[in-house]
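Reviewing the structure listed below.
Protein chains: 4
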Amino acid sequence: MDITAPRHLKARKRPRQARSASTVDAIFEATIQVLISGGTQRLTTTRVAERAGVSVGTMYQYFPHKQALLYALNERYLDLLAERMENVCRSQHGKTSREMIEALVNAYWEAKTERSDVTRALYSSAVELDNEALIDAFAKRMDAATQEMLRSAPSAQYKDIQLIEITLLSVIFGTVRNVFERNLPVKEQAAIREQLIAMCLSYLQSCGG
Amino acid sequence: MDITAPRHLKARKRPRQARSASTVDAIFEATIQVLISGGTQRLTTTRVAERAGVSVGTMYQYFPHKQALLYALNERYLDLLAERMENVCRSQHGKTSREMIEALVNAYWEAKTERSDVTRALYSSAVELDNEALIDAFAKRMDAATQEMLRSAPSAQYKDIQLIEITLLSVIFGTVRNVFERNLPVKEQAAIREQLIAMCLSYLQSCGG
Amino acid sequence: MDITAPRHLKARKRPRQARSASTVDAIFEATIQVLISGGTQRLTTTRVAERAGVSVGTMYQYFPHKQALLYALNERYLDLLAERMENVCRSQHGKTSREMIEALVNAYWEAKTERSDVTRALYSSAVELDNEALIDAFAKRMDAATQEMLRSAPSAQYKDIQLIEITLLSVIFGTVRNVFERNLPVKEQAAIREQLIAMCLSYLQSCGG
Amino acid sequence: MDITAPRHLKARKRPRQARSASTVDAIFEATIQVLISGGTQRLTTTRVAERAGVSVGTMYQYFPHKQALLYALNERYLDLLAERMENVCRSQHGKTSREMIEALVNAYWEAKTERSDVTRALYSSAVELDNEALIDAFAKRMDAATQEMLRSAPSAQYKDIQLIEITLLSVIFGTVRNVFERNLPVKEQAAIREQLIAMCLSYLQSCGG
DNA sequence: GATGAATGAGTCTTCATTCAT
DNA sequence: GATGAATGAAGACTCATTCAT
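Chains as they are written, first to last, in full-length UniProt numbering: chain A, 1 to 209; chain B, 1 to 209; chain C, 1 to 209; chain D, 1 to 209.
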């Protein structure tokens with residue numbers, strides 16, 4: 001996922017020793033906590049360092065500047081999310097369309113919802129960030145994993161699988177974010193989730209699935 | 001739409017004279033231009049005032065602080081968008097489901113896409129803003145307009161029209177934003193738009209439409 | 001003297017009102033005082049502003065950054081010095097070589113010596129500064145003024161007046177600085193000054209003056 | 001030359017073994033290189049150590065702080081320069097005034113010019129340095145060597161040889177620096193050098209040389 | 001009412017120096 | 001002895017907001 005990362009946003013050094021790795025983790029965690037408690041406005045290098053229990057200087061040894069920290073944070077998050085979703089897709093190979101759709105929607109929904117404060121923090125951290133490369137990389141992985149999954153469906157014959165897949169993901173990802181941001185009551189959220197599954201499923205079937 | 005606006009975000013005075021109104025407009029326009037050309041990072045009160053052709057002092061006559069300006073900007077934008085969409089909904093009363101869905105998706109899609117730089121600017125301006133109230137108000141208007149439209153469909157018998165409507169809007173709004181942010185090639189965007197319409201339509205029909 | 005000044009070193013705004021002018025003067029004076037008392041190391045924007053009795057913010061309205069302040073300071077100093085020396089040269093038109101040399105050496109010597117702490121401060125402030133343009137401009141003015149003066153000598157017939165003049169100035173300016181930096185006792189300084197005059201004079205005469 | 005060195009500027013340990021000496025040399029060389037490539041602004045202990053191929057910690061074994069390093073660097077440089085100039089003076093014992101002056105001017109001129117980037121680096125490194133002691137020591141050695149040389153002139157009868165000598169050195173050293181800093185074209189530099197020699201010579205002769 | 005100069009708290013970032021390994 | 005990660009004080013610079021003119 002590093003392949004296309006803008007050079008100036010790269011972390012200064014890769015953590016190699018255990019100590020370094022835990023320091024970096026502490027910094028990431030602190031960043032999220034600061035974002036949760038105060039939003040982007042309150043996200044200062046001093047505050048993050050303080051919360052992480054390291055000095056600013058140390059922070060700057062790992063991240064050449066604030067932007068690089070945020071970039072790395074998003075990178076790591078999307079990396080984990082992609083991996084998680086890839087596993088879900090793989091686990092559905094050969095299953096029915098219904099199982100696939102259910103797995104896809106539920107997995108993504110839960111990933112975004114289980115720590116909604118963290119999700120929100122990451123969304124806001126990404127705003128003033130040249131993270132197109134990250135989004136692209138994530139999208140590519142998701143596209144590949146989803147297509148492969150769809151292709152493995154035993155009795156399905158899709159015409160334009162690429163378009164179908166990209167539509168599905170756009171709808172699912174978009175809807176989750178929208179519901180997430182509207183802050184609806186849990187019950188309504190659950191209801192919409194079901195409707196979303198139904199909608200995707202009927203779409204898939206109308207495409208030959 | 002002001003009813004629920006957090007008190008501290010209210011504009012200091014309502015523009016009453018023509019001069020005031022045009023000043024406010026100039027400030028709004030300047031804000032958007034500054035956002036487009038430099039993002040949130042470059043959005044300073046001085047720069048906005050300069051671009052608007054007024055002094056900072058004057059600007060502070062209209063908006064007690066930066067947040068209030070951004071709040072008002074988003075308020076106005078959502079107001080306009082809501083109105084536009086309400087008109088679209090009204091114009092589809094009594095039409096077929098297909099026509100309704102097509103109108104809804106196309107109108108929203110175009111509203112967000114026709115000036116993509118402005119849309120992007122507004123998205124970014126809203127990030128660090130306590131604009132839940134605005135979103136809520138917008139949602140309520142859209143919910144009402146959409147439900148009424150759906151209810152006017154001659155031959156449709158929907159079971160839970162409220163759930164159907166909220167699902168539809170979540171899917172449409174979410175998908176548009178997602179596609180918008182992924183920055184896909186125009187051709188692919190158009191293809192997805194069609195798929196989205198098809199998907200919503202088949203969903204609606206499966207609900208009794 | 002602004003003609004060739006590197007754009008990024010230009011002052012942010014020209015002081016037009018009385019208040020501005022006195023503010024700028026206060027900043028210049030403060031800069032010199034800070035330099036005198038602590039050298040370049042202690043020259044911080046905060047300290048200068050504090051000593052000038054203004055806020056940092058105000059300082060940054062007149063000088064876009066520290067370098068610009070130092071540049072402007074040197075510009076003003078060299079401007080004044082050049083003017084002073086030009087007057088001296090003009091006042092010696094038509095006089096004897098001896099009078100010319102004496103006037104030149106004495107004027108420059110005194111200009112550099114009368115406030116030796118200020119001179120030292122300015123030397124040190126110029127070190128990390130791209131002030132070639134300033135030096136050039138100063139040199140050009142001095143070259144012109146000196147040549148004109150020499151040409152006005154009634155009975156003199158110089159062969160290569162340009163070379164003679166540049167040699168004279170190099171020797172005088174260089175020697176003054178060297179003596180200045182060696183921090184010799186006053187008496188010895190005076191003695192060297194006389195020797196320098198004698199030396200320049202005999203040089204001039206050997207050139208046909 | 002250490003005799004009067006300010007205590008706090010002394011190097012922490014004298015290099016005794018070959019390894020140490022080469023380390024110190026590497027550090028000196030690195031310092032100069034860093035100065036050449038980035039000026040005083042970029043001169044950081046880390047950068048110097050890195051370039052020298054040692055760790056910061058090791059560097060601090062040899063120099064208790066940055067100032068001490070710069071002090072030692074200048075000390076070494078002036079030491080070498082003094083030695084070189086002393087040799088030149090000695091080699092001119094018993095020669096004519098012309099030969100002496102030529103040797104003196106040429107030697108100093110070349111010493112300063114042959115590696116102008118290094119000279120410039122050293123000038124800049126010395127600015128914020130309490131190096132009066134070094135200058136003094138250098139001056140004393142030069143004074144002694146020059147006087148002795150002048151005294152050895154076969155047919156010369158100088159009145160105040162001490163004043164003559166100090167004047168000569170001030171003029172020569174000062175002029176070289178001035179020409180050096182004005183960055184004149186090579187041809188002009190050479191011309192001035194010749195003029196300087198002529199000037200010094202005629203001065204010397206007018207003093208009884 | 002309008003203006004825009006002045007303010008100064010708050011931000012990011014650097015770098016000399018230390019000290020645990 | 002050597003290393004280089006960690007420290008944190010200190011510096012340059014910004015910008016929302018005020019208020020004298």
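By construction, the Cβ of each residue, glycine as well, lies at the ideal position given by its N, Cα and C atoms.
Through-space distance from residue j to residue i, alpha-carbon basis
| i | j | result |
| --- | --- | --- |
| B:T31 | B:G208 | 46 Å |
| C:T146 | C:Y108 | 12 Å |
| C:S124 | D:N178 | 16 Å |
| C:R76 | A:E29 | 53 Å |
| A:A111 | B:K159 | 31 Å |
| A:A198 | A:G94 | 20 Å |
| B:K74 | B:E86 | The question names Lys, yet the displayed sequence has Asn at residue 74 of chain B. Rounded to the nearest angstrom, the two C-alpha atoms are 18 Å apart. |
| D:Y60 | D:L129 | 18 Å |
| C:E50 | C:V118 | 19 Å |
| A:A191 | B:A82 | 25 Å |
| B:A68 | C:D25 | 39 Å |
| C:A18 | B:T40 | With a pLDDT of 42 at C:A18, under the threshold of 50, the predicted position of this residue should be treated as unreliable, though the coordinate-derived value follows. Between C:A18 and B:T40, the C-alpha separation is close to 37 Å. |
| D:I126 | D:L70 | Checking the sequence, you will find Ala at residue 126 of chain D rather than Ile. Distance between the alpha carbons of D:A126 and D:L70: 7 Å. |
| B:E148 | B:I161 | 10 Å |
| D:D79 | D:F138 | 7 Å |
| A:I27 | B:I27 | 39 Å |
| D:I36 | A:V56 | 30 Å |
| D:H65 | A:F180 | 57 Å |
| A:Y203 | A:R84 | 25 Å |
| D:E188 | B:V48 | 54 Å |
| B:V54 | B:A144 | 40 Å |
| C:K140 | C:A133 | 11 Å |
| D:Q92 | C:T45 | 53 Å |
| A:T58 | A:N131 | 24 Å |
Residue i burial status per 10 Å Cβ neighbour count (16 or more: buried)
| i | result |
| --- | --- |
| B:S170 | buried |
| D:R182 | buried |
| C:R16 | Any reading at C:R16 must be qualified, since the residue scores a pLDDT of 36, below 50, and its modelled position is unreliable; no value is offered. |
| B:G38 | exposed |
| D:L43 | buried |
| A:S155 | exposed |
| A:R90 | exposed |
| C:R115 | exposed |
| A:T175 | buried |
| B:I101 | buried |
| C:R14 | In this predicted model, C:R14 has a pLDDT of only 45, less than 50, meaning its place in the structure is not dependable; the value taken from the coordinates is given anyway. Per the 10 Å Cβ criterion, exposed. |
Pick from the options that is closest to residue i, judged by C-alpha positions
| i | options | result |
| --- | --- | --- |
| A:I135 | A:A190, A:S22, A:R47, A:A72 | A:A72 |
| C:T23 | C:R120, C:V34, C:F63 | C:F63 |
| A:P185 | A:T113, A:A153, A:V56 | A:T113 |
| A:E99 | A:H65, A:L150, A:K66, A:T44 | A:L150 |
| B:Q205 | B:L78, B:V105, B:A153, B:E188 | B:A153 |
| A:A21 | A:C200, A:A52, A:R47, A:L35 | A:A52 |
| B:L201 | B:A103, B:V48, B:K66 | B:A103 |
| C:T96 | C:Q157, C:T46, C:H65 | C:Q157 |
| D:N106 | D:E188, D:I172, D:Y203 | D:I172 |
| A:V88 | A:M142, A:K187, A:Y203, A:Q189 | A:M142 |
| D:V34 | D:K187, D:A144, D:A121 | D:A121 |
Next on the checklist: Beta carbons nearer than 9 Å to chain C: which residues of the region 113-147 of chain D have them?
Outcome noted: Y123, S124, V127, E128, E132, I135, D136, A139
Checklist entry - Just by C-beta distance, which residues in the region 143-175 of chain A are closer than 7 Å to chain B? => result L163, I166, T167, S170, V171, F173, G174, T175
Checklist entry - Does the region 160-168 of chain C touch the region 190-204 of chain D, meaning 3 or more C-beta pairs lie closer than 8 Å? => result yes
Item to check | Interfacial residues, the region 73-98 of chain B to chain A, with Cβ spacing under 8 Å | outcome: Listed by position, the residues of the region 73-98 of chain B near chain A (Cβ gap below 8 Å) amount to none.
Item to check | Positions along the region 21-40 of chain B whose CB lies within less than 8 Å of some CB in chain A | outcome: G39, T40
Checklist entry - Going along the region 197-208 of chain A in order, which residues come within less than 8 Å of chain B, judged by CB to CB distance? => result A198, M199, C200, S202, Y203, S206
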